[in-house]
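Structure record follows, encoded as structure tokens.
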Amino acid sequence: MLTAIYIINDAILIYLVLLSFGYVLLLAASIPQLRRRFREVAFCDLTALMKSPAMPPVTVIIPAYNEESSILNAIYSVLRSNYPNTYVMVVNDGSTDATLQLLIETFSLYNITPILANKIKTHGPVRGYYVSKFPIRLTVVNKDNFEKSDALNVGLNACRTPLFITMDADSIMEPDAIHRIVFYMLSRPNTVAVGGGVYILNGCDYKDGQIVKAKISDKFIYALQSCEYMRSFLFSRSGWNIFGGTLCYSGTFTLFDYKAVIDVGGFDVGNFAQDFEIITHLHHYHRRNNLPYNIGYTAAARVWTDVPGTLREFWRQRFHWQFGSLLSLGRHKGMLFNPKYGITGLYTYPFFLFGETFGAIVELTAYCMIFVSWYFGVLNALWAMLFFIICWGFVTFLTMATVMINSVTFRRYSGFRDLMRVLLLVLFENFGYRQGLILSRFYGTISYYWSRIRLYFKPSEQKAT
Amino acid sequence: MVNLRIIEGVMIIEFTLVALILILTYMLVFLYYRRQKREKKIRAGVEHYLRTILLQKKEFNPRHIPQHWRNIQVLIPLIKELDTQVAAENWPQVKHAFVHSIVLPQARIATTSVSWVQRYFAAEGFAMDAEKRDEPYIIALMHDKVPIVYIRAINVALLSNSAVAIETMLDRMGREPWLSQTMYLQAFDQAPIKSRPIFENELKKSKDLNIRSASYKILIKYPPAPVTWDIQKDLSADLPELQVGALKYVAYADPDKAIPILIASLKSPNLDMRLVALHRLSILGAKVAIPEIAKCLDDEDWWVKISAAEALKRMGDEGQQELEKHTPEFAQIPYEITHHVSNTLW
Chain A
0 MLTAIYIIND AILIYLVLLS FGYVLLLAAS IPQLRRRFRE VAFCDLTALM KSPAMPPVTV
60 IIPAYNEESS ILNAIYSVLR SNYPNTYVMV VNDGSTDATL QLLIETFSLY NITPILANKI
120 KTHGPVRGYY VSKFPIRLTV VNKDNFEKSD ALNVGLNACR TPLFITMDAD SIMEPDAIHR
180 IVFYMLSRPN TVAVGGGVYI LNGCDYKDGQ IVKAKISDKF IYALQSCEYM RSFLFSRSGW
240 NIFGGTLCYS GTFTLFDYKA VIDVGGFDVG NFAQDFEIIT HLHHYHRRNN LPYNIGYTAA
300 ARVWTDVPGT LREFWRQRFH WQFGSLLSLG RHKGMLFNPK YGITGLYTYP FFLFGETFGA
360 IVELTAYCMI FVSWYFGVLN ALWAMLFFII CWGFVTFLTM ATVMINSVTF RRYSGFRDLM
420 RVLLLVLFEN FGYRQGLILS RFYGTISYYW SRIRLYFKPS EQKAT
Chain B
0 MVNLRIIEGV MIIEFTLVAL ILILTYMLVF LYYRRQKREK KIRAGVEHYL RTILLQKKEF
60 NPRHIPQHWR NIQVLIPLIK ELDTQVAAEN WPQVKHAFVH SIVLPQARIA TTSVSWVQRY
120 FAAEGFAMDA EKRDEPYIIA LMHDKVPIVY IRAINVALLS NSAVAIETML DRMGREPWLS
180 QTMYLQAFDQ APIKSRPIFE NELKKSKDLN IRSASYKILI KYPPAPVTWD IQKDLSADLP
240 ELQVGALKYV AYADPDKAIP ILIASLKSPN LDMRLVALHR LSILGAKVAI PEIAKCLDDE
300 DWWVKISAAE ALKRMGDEGQ QELEKHTPEF AQIPYEITHH VSNTLW
């Protein structure tokens with residue numbers, strides 16, 4: 000019994016050391032991206048270039064379900080974009096509130112004959128297709144409720160541009176976001192998807208789809224999520240560019256090559272984390288077929304989004320993310336340690352599986368082992384100290400470094416007060432927030448594997464349905 | 000049991016690495032600002048010199064621009080800015096001399112740079128006033144992998160009206176994925192009319208189906224002109240995209256000649272051909288085609304049925320009467336329709 004405790008404790012420490020080394024690698028890998036960012040900023044002809052009519056048209060697809068309080072801001076922010084060839088498509092996913100009515104009244108929409116392609120099979124029937132009497136490039140597709148992925152697929156069927164962006168209905172896009180994300184795509188050959196930076200809208204001052212003042216919210220839960228998003232979007236995703244791109248970009252703001260998404264069959268209906276699934280699928284498809292491709296991320300293109308404001312919503316969101324991630328990873332398990340899939344199979348996929356996804360379980364196990372070790376009188380103080388230093392201290396230090404990098408490079412939160420607040424919050428992240436995150440992810444993992452077990456023992460005719 | 004001292008050592012290294020990365024970032028920021036300062040200085044120096052010679056009505060002497068100032072990333076935006084600001088009558092001569100003695104030589108060197116930013120500015124440099132001998136450089140840039148670079152090079156090729164460059168572009172365009180094709184086509188929005196004979200010549204002599212297909216797509220952006228080559232071969236070519244391109248073009252360029260061709264295309268096994276024919280016949284208001292369009296209401300494809308119904312609706316009373324002979328099912332629009340033809344919605 001004691002041997003088992005020692006082995007488990009040692010395994011946990013080794014795992015955490017390796018994981019933290021992986022994060023250091025990512026941070027180091029994000030530096031060339033920063034350097035590139037400086038070069039792009041110095042590319043002073045960007046605005047003139049992106050105003051050229053030779054730039055490809057882009058459709059921003061906004062799936063909306065009961066978003067009457069935020070949909071107008073989202074649309075206004077896209078219409079404010081200074082990219083010349085932008086089209087907006089809102090897919091009303093069977094909202095039970097006044098979302099559709101609000102859109103019809105605000106933009107003087109009228110119903111026309113829908114001309115939708117059937118490139119991807121969709122589920123919720125389309126009930127109406129609206130365009131505006133005003134000279135704006137807005138289309139609204141009204142369909143029965145099914146799922147966000149299905150709404151995106153309907154948007155894809157109606158999309159006529161070679162590029163499209165997925166954006167959440169509770170988000171606000173910066174005016175140069177489309178410029179910068181399209182610029183990233185066009186400055187790298189064979190790019191099929193580009194993720195953009197996501198910041199927290201809660202707490203900011205905004206009006207008519209424009210951010211008036213960016214600041215960290217006074218509410219604890221929002222402020223903590225700001226830290227987490229900064230860490231994730233600034234260094235983690237940037238760093239993955241060198242390793243061929245991460246397996247997940249936020250569905251809040253990602254640019255896709257239309258044909259590439261059609262080739263993989265569109266967004267996966269039935270997966271909560273459809274953003275994770277589509278990116279993983281793109282990796283899998285292109286590597287399997289030996290097609291040249293690039294999936295990247297640019298922190299320079301930014302969108303601001305609402306995040307969960309209550310513990311219940313937060314728990315649900317993170318549970319869904321974890322469940323969806325495992326679903327996607329399971330679907331594409333052929334990539335795991337498979338040299339045919341290059342660095343994605345040998346490093347990215349394993350990191351996401353064993354690091355990002357199982358990290359919560361390992362940390363929860365560690366907390367349990369501290370208790371178990373104490374109970375059996377074998378708790379090593381040095382071991383416990385090292386655990387907290389690696390698990391809490393290192394991540395805190397990493398986040399602080401990220402915040403400080405953000406303050407001099409992207410400067411989105413430029414107030415000194417905001418900066419100090421974030422640095423302080425980072426310390427408090429480890430007392431409660433982190434544990435809540437771990438528990439929700441742990442629950443998501445257990446739910447996923449339990450659903451797999453139940454599926455395995457289901458009679459075959461039920462499985463077929 | 001793992002030696003905890005080793006773990007300690009590893010963590011100290013990791014913490015140190017993060018601190019070093021932070022220091023490196025600040026160094027990068029410092030270097031960036033230093034570089035900006037240097038570029039501002041170059042820009043200020045060149046601008047001062049140019050404004051002085053404009054004021055004093057002197058000739059431009061390239062010796063006054065030292066080698067380390069010859070950075071096209073700084074000089075090209077400066078020239079563009081001065082273009083909009085300067086009203087001196089000798090500015091065109093000064094600009095011409097500056098571009099040919101400073102910008103173009105640097106652009107030629109930058110064509111083979113590893114940095115795509117440099118290659119892009121090389122294309123910008125050629126856009127200012129390329130010489131005949133710059134054609135190979137422009138063609139090289141048109142083969143660049145980075146889309147921004149080759150699109151800019153295509154613009155330059157179109158403006159220069161170089162037959163070789165445009166043929167190279169056509170050859171590439173036919174094989175490109177959708178995104179690049181769209182960008183090529185949009186680049187042609189700015190193409191001068193004098194490029195037109197090049198595409199017509201391609202249709203007269205080229206045997207490559209992709210090039211012919213691309214030529215039709217481009218010619219449709221010019222004002223209509225009579226068809227002077229054998230279009231029938233293209234209408235029954237092996238490449239479906241070529242068939243559609245030819246049909247669209249004949250309907251655009253020569254509507255009277257097109258009607259019998261469009262009616263014949265209603266029976267084509269190619270779905271896109273049937274759809275294009277229905278669409279164009281409805282736009283032309285060709286009432287002579289009503290009986291044939293009505294037969295399309297029984298097509299196996301829903302998209303064709305709906306397009307036929309729409310076409311009949313637009314044909315006035317005769318079309319409406321034909322439509323009403325059929326069952327009310329055409330009043331219900333199906334929600335999933337096969338679509339292969341690009342059709343403007345906006």
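The listed protein sequences derive, respectively, from chains A and B.
With numbering that gives the first Met the number 0, the residue at position 452 of the first sequence is 451, and numbering never jumps.
With numbering that gives the first Met the number 0, the residue at position 203 of the second sequence is 202, and numbering never jumps.
Yeah, the Cβ is synthetic: ideal placement off N, Cα and C, and Gly gets one too.
Starting from the beta carbon of residue i, find every residue of chain B whose beta carbon is closer than 7 Å, and list them in chain order.
i	result
Tyr109(A)	Going along chain B, no residue has its Cβ under 7 Å from Tyr109(A), so there is no contact; the nearest lies around 13 Å.
Met525(A)	With chain A covering only 0 through 464, there is no way to say anything about residue 525(A).
Leu328(A)	Going along chain B, no residue has its Cβ under 7 Å from Leu328(A), so there is no contact; the nearest lies around 26 Å.
Ile389(A)	Met10
Please confirm whether residue i has its beta-carbon closer than 7 Å to some beta-carbon of chain B.
i	result
Cys43(A)	With a pLDDT of 49 at Cys43(A), under the threshold of 50, the modelled position of this residue cannot be trusted; read the value that follows with caution. Closer than 7 Å to some Cβ of chain B, the Cβ of Cys43(A) qualifies, so yes.
Ser372(A)	no
Ser249(A)	no
Phe396(A)	yes
Gly16(A)	Looking at the sequence shown, residue 16(A) is not Gly but Val. Yes, Val16(A) lies at the interface with chain B (some Cβ there is under 7 Å from its Cβ).
Arg35(A)	no
Val407(A)	yes
Leu426(A)	no
Val87(A)	no
Val23(A)	yes
Ser19(A)	yes
When the Cα of residue i is compared with those of the options, which residue comes out closest?
i	options	result
Glu291(B)	Trp302(B), Asn269(B), Ile258(B) and Asp271(B)	Ile258(B)
Pro62(A)	Thr121(A), Asn91(A) and Tyr248(A)	Asn91(A)
His283(A)	Leu325(A), Tyr257(A) and Lys332(A)	Lys332(A)
Ile342(A)	Phe232(A), Ile294(A), Ile389(A) and Ala383(A)	Ile294(A)
Phe97(B)	Val303(B), Ser114(B) and Leu77(B)	Leu77(B)
Ile6(B)	Ser69(A), Ile388(A), Tyr228(A) and Pro83(A)	Ile388(A)
Thr105(A)	Lys120(A), Asp169(A), Val139(A) and Ser94(A)	Val139(A)
Leu30(B)	Phe441(A), Glu428(A) and Val407(A)	Val407(A)
Met419(A)	Thr85(A), Met54(A) and Ile215(A)	Ile215(A)
Could you check whether the Cβ of residue i sits closer than 7 Å to any Cβ belonging to chain A?
i	result
Val9(B)	yes
Leu274(B)	no
Val28(B)	yes
Leu311(B)	no
Glu13(B)	yes
Ala307(B)	no
For residue i, which beta-bridge partners are listed by DSSP?
i	result
Asp92(A)	Lys142(A)
Ile6(B)	Answer by DSSP bridge pairing: none, since Ile6(B) is not bridged.
Tyr86(A)	Thr58(A)
Gln209(A)	Lys206(A)
Met166(A)	Phe252(A)
Tyr109(A)	Val130(A)
Thr304(A)	Ser170(A) and Ile199(A)
Ala63(A)	Asn91(A)
Val193(A)	Leu254(A) and Gly295(A)
Quick test of your reading: residue i and residue j, contact by CB under 8 Å. State the CB separation rounded to the nearest angstrom.
i	j	result
Phe252(A)	Ser439(A)	Not really, about 23 Å apart at Cβ, beyond 8 Å.
Thr356(A)	Leu328(A)	7 Å
Val57(A)	Thr160(A)	6 Å
Ala87(B)	Leu53(B)	4 Å
Val59(A)	Thr85(A)	7 Å
Whose Cβ in chain B lies nearer than 8 Å to the Cβ of residue i?
i	result
Pro188(A)	Lys144, Val145 and Pro146
Leu436(A)	Correct list: empty, because the minimum Cβ distance to chain B is about 22 Å.
Ala27(A)	Leu16 and Ile20
So which residues of chain B does residue i contact, with C-beta pairs closer than 9 Å?
i	result
Lys258(A)	Pro176, Trp177 and Leu178
Ala400(A)	Val17, Ala18, Ile20, Leu21 and Thr24
Phe393(A)	Met10, Glu13, Phe14 and Val17
Taking C-beta pairs closer than 9 Å, name the residues in chain A that residue i reaches, listed in chain order.
i	result
Met182(B)	Ala53, Met54, Pro55, Pro161 and Leu185
Trp68(B)	Correct list: empty, because the minimum Cβ distance to chain A is about 17 Å.
In chain A, which residues lie less than 7 Å from residue i when you measure between Cβ atoms?
i	result
Ile6(B)	Leu12, Val16 and Leu385
Leu3(B)	Leu381, Trp382 and Leu385
Hey, is residue i close to the ligand MG, as in C-beta under 6 Å from one of its heavy atoms?
i	result
Lys206(A)	Judged by which ligands are present, the structure shown has none, so any question about the ligand MG falls away.
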